[in-house]
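Written out below as structure tokens is the structure these notes cover.
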Amino acid sequence: MNVTDRRAPAPTPVAHRYCAFRLGDACFAVPADGVVEVLRGGRLTTVPLAPEGVLGLLHLRGRIVPVIDPGVRLGLASGARDRATHLVIALQDDWYGLLIDEMLDVVEISEDHIDPSTSSLSEGSGEALAGVFAAPDRLVHLLDPQRMIHSLVRPRPPFSERQGVHHG
Amino acid sequence: MPEIGRISRGMLTARLPANLAQSESFRPAPHLSSGLIWFDFRMSDNREFIEEFLVESSENLDQLDKDLLALEADPADAPRLASVFRTVHTIKGNSGFFGFSKLGALAHSGEHLLGKLRDGRLRLDDRIAGTLYTMVDAVRAILRSIEATGGEGDQDYRELSRSLTAAAEQAESTLPGAVGPDESKATQASPVAANAAPAPAPSPSTTESTPSTGIPAAGEKPEDGPTPAAAVTATPATPSPEPVSSVATTGVAAAGVTAAESSVRVDVDLLASILDLVGELVLARNQLRSIDSDDPAVQACSQRINAVTNALQETAVKTRLQPVEHVFSRFPRTVRDLAVSCGKEVQLVIDGADTELDRSLIESIRDPLTHLLRNAVDHGIEPPAERVAKGKPRAGRLSLRAFNESGRVTIEVSDDGAGIAFEKVREKAVTRGLVSAADAASMPPDRVLQFIFEPGFSTAAQVTSVSGRGVGMDVVRTNIEAIGGTVDIHSAPGAGTTVCVHVPLTLAIMPALVVRCGTERFAIPQSAVGELVPLAKDRSGPRIEGLHDAPVMRVRGRLVPIVFLDQFLGVRDQTACREDGTVVLVRVDDREFGLVVDGMRSAGGHLRCRELLDSASLSTIVVKPIGALLAGLGLYSGATVLGDGGVVLILDLRGLQRLAKLPPVDHEPDAPAVPTAELADRYLVCGTPAGRRVAVPLADVVRLERYARQDVQEVGRRRVVRRGDAFTPLADIDAMLGSPSVTLPTNVNVVVVSADSGCLGLAVDSILDVLVAESPLQPAGMAGLAGMLALGGMATEVVDLGAMRNHAIVEGHR
Numbered sequence: 002m003n004v005t006d007r008r009a010p011a012p013t014p015v016a017h018r019y020c021a022f023r024l025g026d027a028c029f030a031v032p033a034d035g036v037v038e039v040l041r042g043g044r045l046t047t048v049p050l051a052p053e054g055v056l057g058l059l060h061l062r063g064r065i066v067p068v069i070d071p072g073v074r075l076g077l078a079s080g081a082r083d084r085a086t087h088l089v090i091a092l093q094d095d096w097y098g099l100l101i102d103e104m105l106d107v108v109e110i111s112e113d114h115i116d117p118s119t120s121s122l123s124e125g126s127g128e129a130l131a132g133v134f135a136a137p138d139r140l141v142h143l144l145d146p147q148r149m150i151h152s153l154v155r156p157r158p159p160f161s162e163r164q165g166v167h168h169g
Numbered sequence: 003m004p005e006i007g008r009i010s011r012g013m014l015t016a017r018l019p020a021n022l023a024q025s026e027s028f029r030p031a032p033h034l035s036s037g038l039i040w041f042d043f044r045m046s047d048n049r050e051f052i053e054e055f056l057v058e059s060s061e062n063l064d065q066l067d068k069d070l071l072a073l074e075a076d077p078a079d080a081p082r083l084a085s086v087f088r089t090v091h092t093i094k095g096n097s098g099f100f101g102f103s104k105l106g107a108l109a110h111s112g113e114h115l116l117g118k119l120r121d122g123r124l125r126l127d128d129r130i131a132g133t134l135y136t137m138v139d140a141v142r143a144i145l146r147s148i149e150a151t152g153g154e155g156d157q158d159y160r161e162l163s164r165s166l167t168a169a170a171e172q173a174e175s176t177l178p179g180a181v182g183p184d185e186s187k188a189t190q191a192s193p194v195a196a197n198a199a200p201a202p203a204p205s206p207s208t209t210e211s212t213p214s215t216g217i218p219a220a221g222e223k224p225e226d227g228p229t230p231a232a233a234v235t236a237t238p239a240t241p242s243p244e245p246v247s248s249v250a251t252t253g254v255a256a257a258g259v260t261a262a263e264s265s266v267r268v269d270v271d272l273l274a275s276i277l278d279l280v281g282e283l284v285l286a287r288n289q290l291r292s293i294d295s296d297d298p299a300v301q302a303c304s305q306r307i308n309a310v311t312n313a314l315q316e317t318a319v320k321t322r323l324q325p326v327e328h329v330f331s332r333f334p335r336t337v338r339d340l341a342v343s344c345g346k347e348v349q350l351v352i353d354g355a356d357t358e359l360d361r362s363l364i365e366s367i368r369d370p371l372t373h374l375l376r377n378a379v380d381h382g383i384e385p386p387a388e389r390v391a392k393g394k395p396r397a398g399r400l401s402l403r404a405f406n407e408s409g410r411v412t413i414e415v416s417d418d419g420a421g422i423a424f425e426k427v428r429e430k431a432v433t434r435g436l437v438s439a440a441d442a443a444s445m446p447p448d449r450v451l452q453f454i455f456e457p458g459f460s461t462a463a464q465v466t467s468v469s470g471r472g473v474g475m476d477v478v479r480t481n482i483e484a485i486g487g488t489v490d491i492h493s494a495p496g497a498g499t500t501v502c503v504h505v506p507l508t509l510a511i512m513p514a515l516v517v518r519c520g521t522e523r524f525a526i527p528q529s530a531v532g533e534l535v536p537l538a539k540d541r542s543g544p545r546i547e548g549l550h551d552a553p554v555m556r557v558r559g560r561l562v563p564i565v566f567l568d569q570f571l572g573v574r575d576q577t578a579c580r581e582d583g584t585v586v587l588v589r590v591d592d593r594e595f596g597l598v599v600d601g602m603r604s605a606g607g608h609l610r611c612r613e614l615l616d617s618a619s620l621s622t623i624v625v626k627p628i629g630a631l632l633a634g635l636g637l638y639s640g641a642t643v644l645g646d647g648g649v650v651l652i653l654d655l656r657g658l659q660r661l662a663k664l665p666p667v668d669h670e671p672d673a674p675a676v677p678t679a680e681l682a683d684r685y686l687v688c689g690t691p692a693g694r695r696v697a698v699p700l701a702d703v704v705r706l707e708r709y710a711r712q713d714v715q716e717v718g719r720r721r722v723v724r725r726g727d728a729f730t731p732l733a734d735i736d737a738m739l740g741s742p743s744v745t746l747p748t749n750v751n752v753v754v755v756s757a758d759s760g761c762l763g764l765a766v767d768s769i770l771d772v773l774v775a776e777s778p779l780q781p782a783g784m785a786g787l788a789g790m791l792a793l794g795g796m797a798t799e800v801v802d803l804g805a806m807r808n809h810a811i812v813e814g815h816r
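The listed protein sequences derive, respectively, from chains A and B. Under the numbering used here, the residues of the first sequence are numbered 2 to 169, in order. Under the numbering used here, the residues of the second sequence are numbered 3 to 816, in order.
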């Protein structure tokens, strides 16, 4: 029934707004129009046998939101840090929470300032990155949320292999 | 912006959906002042108006089916003729408005024919009705195409238009009710026949012109819809029936207006978000209630909020419900068509169509019910002559009833036909090897009927176009069980068959048992829960037997496979509730298994209310989706938010059962006392496919697993199954012991044992019991057997696992 996507903004050809956040020592950004909410704290319910990178479930305004650790695929150690902020983004009809260290700012970045090379981070993270923007004081890695969710979630090996019997 | 239709201003205000006027997407451009606006209705912005048109038209078509059926019974029903005319006219008008020319042309031809009928210049007979049904189907096909692709599709409907026109034109030359059989042949449903017949001269030209006339036709009448006045004035030539039809039509129209005013179309997403918000409110209410306050004013206010919230939640849930009418409305037509094609006479009686069901479930019951009706007409109800000979009325009575029963909705499909021939079912079950002849003979009729639900089971002597291919009842049951329902069947030979489908009112809200497992909580749908069995530390009560990975529990003579939930889900490495947990016995697809969760029993052995509430409690939960990311695991069917705000995952028992590869339960009514002997003396007793009774030392059993036949791979002459990274050879006990080898059943039960140098799977037919040896092992003198001993009072062969493994690896299964 729902044919029109009410969130879809008119595409601006030159500049897009991004929400920048800190993850460890690096700075990342996602398109601002996909951001639903920035949430401090919140109670996570763990999901046994969930794919790696899925930290748990969060309840937000009647929805069940899977919370994801973006550090897993971005080559950042997912050690316990001061992270307790959830950046909730919408992808089509689903919402996802990204566990981040700190919300920084909303920045407007012109397309021609985005460098599509993504070699500055580890190999595996390339598929989740849309490009790099060199801000005066730091590099901002632009994430493609859709690709990031897909790349983050590498399903665990099929169940039977894990349940393999422990014997010769 | 491409131009699709050019619409006059007056018409726009009159015919556009009311909300368009306020819609943001509709911005009157400067050229509006010229009296014309140019508007592309295929733009995605306007998709929703087309959606609305589609929904409305589809409802109209259902009504049309109903009206045509009624008209067949009473062709002179003037108000109904007028209503049918109006419906088709509206479709024509709308399609012209949206620029759907094929639809417009088709509806135009139909309208033309219906106009003649309404004016009494033509009398509705079977052939005309057939043509009109074909038109309804064609319109439906076009609408489906519009819905799926946005376009009208490539199908050519001009032949159909022509036969509609031909039917109408013939009336010109004949008197009402005097349509000659030779002429009316051309109006038969088949467009080819219509084409072949010498069509009256004016018809081709009419058809050619319709695509263009269809569009302006809507514009010509700026008033909202075909009012009775318009309908009457359009045909001033009509003599006598005019006053009657005019009065009656006005009455119908007036009733229609009131019905429309009392309901509003609301976006489903909007309803869903209201329900979500109400859920939030319930949580806030719960928090409010937990705050202690001595202030009576606060207490009173809190109570009031409590009551209102409850009522609001109930009301919000009701918005999800729809009457089963939505599904039932098509059935009279379906049954009519079936009866015609089977050469039967059937009278369909529908009762309780206003019974409400969740909108998400309404569609899921359509196919199963259609199938049941089809069965009843094709197999149940006898041909008219046979019925008369039996002293029954010529027309069979098919009843479709829906009603609420203990919180669920029951839909009953019942016929007064021949009933199910128990003996045939019994025979067929034996021939298909589902049951032994001896067992079958002693089975009560109700038990025999259960075979009907076996895949591929059909007793039909011959395959008809309608049914008899043997796919059916198992699919009905699978579909109904998929939405948490059940199917019962009762039959009395000679008197008829009744099938009852019980489905939950809604899937969005369901009662569930919330259990604790380590630090986590999980919800188990209550409909699947059979009983709760607490385990006792002192081993006084029921306990879990079997070691390694094949635990079972004995429940009143049944051996039920057990899953330690904490271990299975990895909540804990080693289960902590082997001795003090609680076993939740659940049943999925007729298979039972036990889930061991954290205990609900206090140290003293008595259940305390408080603890029960802490560890497990029954509550009504609101099911929320968890997204493709986690649903793909197959372990959780959703999640819910409990009163304390915590998120709890709902276990997908079907998936869990599949992933745990649980063996089936076997019934052993005369089970002996619980064996207490040492493990070394205990044996797992199984039946082989060829019917041998064999035993395996329980100490060697690693797991009981179940594989689909296609998972068993043949490598050379050996059979193997993939378990984890390695292949496990599968031994054919029968071949090894010289019994004839039997082809594998659809599901292969495998006892995985550890043999000398690795793992081995034994393909068995059934797992009978775990028993203690009652005699010392005697040599059997046969390769593949370690010996023979008495188990459960019967001589049982004990398998030599080492030899079996060699055989499986070297010899293969032949």
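Every residue gets a Cβ at the ideal spot worked out from N, C-alpha and C, and that includes glycine.
What is the C-beta distance between residue i and residue j, in whole angstroms, given that I count them as a contact (C-beta under 8 angstroms)?
i: B/V696; j: B/V801; result: 5 angstroms
i: B/I130; j: B/A169; result: 6 angstroms
i: A/A20; j: A/V107; result: It should be noted that the sequence gives Cys, not Ala, for residue 20 of chain A. At roughly 6 angstroms, the Cβ-Cβ gap stays under 8 angstroms, so A/C20 and A/V107 are in contact.
With 16 other CB atoms within 10 Å as the buried threshold, where does residue i fall?
i: B/N96; result: buried
i: B/M137; result: buried
i: B/P553; result: buried
i: B/G117; result: buried
i: B/M904; result: For residue 904 of chain B there is no data in the structure shown, the boundaries of chain B being 3 and 816.
i: B/Q305; result: exposed
i: B/S343; result: exposed
i: A/M2; result: Residue placement at A/M2 cannot be trusted, given a pLDDT of 43 that sits under 50; what the coordinates show is reported in the next sentence. With fewer than 16 Cβ atoms within 10 Å of its Cβ, A/M2 is classed as exposed.
i: B/T500; result: buried
i: B/P671; result: Note that B/P671 has pLDDT 38, beneath the 50 cutoff, so the model's placement of it is unreliable and the number below is only indicative. By the 10 Å Cβ count, B/P671 comes out exposed.
i: B/V194; result: With a pLDDT of only 38 at B/V194, under the threshold of 50, the placement of this residue in the model should not be trusted, and no figure is reported.
i: B/A810; result: buried
i: B/R705; result: buried
i: B/V141; result: buried
What are the start and end residues of the alpha helix (DSSP H) that includes residue i?
i: B/M796; result: Note, B/M796: premise wrong, no alpha helix (DSSP H); beta strand (DSSP E) at 796-801.
i: B/S438; result: B/S438 -> no alpha helix (DSSP H), and no H or E assigned at all.
i: B/F424; result: 424-433
i: B/M790; result: Taken as a continuous stretch (DSSP letters only), B/M790 belongs to no alpha helix (DSSP H), being part of the beta strand (DSSP E) at 787-793.
i: B/H365; result: Note that residue 365 of chain B is Glu in the sequence shown, not His. Unbroken alpha helix (DSSP H) run through B/E365: 361-377.
i: B/V477; result: 475-484
Tell me, please, which residues DSSP counts as bridged to residue i.
i: B/K626; result: B/A641
i: B/C688; result: B/V696, B/I769
i: B/F524; result: B/V517, B/L651
Let's see if you can read the secondary structure: which residues bound the beta strand (DSSP E) around residue i?
i: B/M512; result: 511-519
i: B/T748; result: Here B/T748 belongs to no beta strand (DSSP E), and DSSP marks it neither H nor E.
i: A/E103; result: 103-111
i: A/L75; result: Counting along the chain, A/L75 falls outside any beta strand (DSSP E), and DSSP gives it neither H nor E.
i: B/F729; result: 728-733
i: B/S743; result: First-last for B/S743: undefined, no H or E at that position.
i: A/T86; result: 86-92
i: B/D568; result: Counting along the chain, B/D568 falls outside any beta strand (DSSP E), though it belongs to the alpha helix (DSSP H) covering 567-570.
i: B/D702; result: Unbroken run through B/D702: none, as it is neither H nor E.
(request) Would you mind listing the beta strand (DSSP E) stretches within the stretch 252-330 of chain B that are 3+ residues and don't spill past its ends, in chain order? (result) 323-325
(message) What ranges does the alpha helix (DSSP H) occupy inside the stretch 72-145 of chain B, keeping only unbroken runs of at least 4 residues that lie completely in it?
(response) 80-100, 103-120
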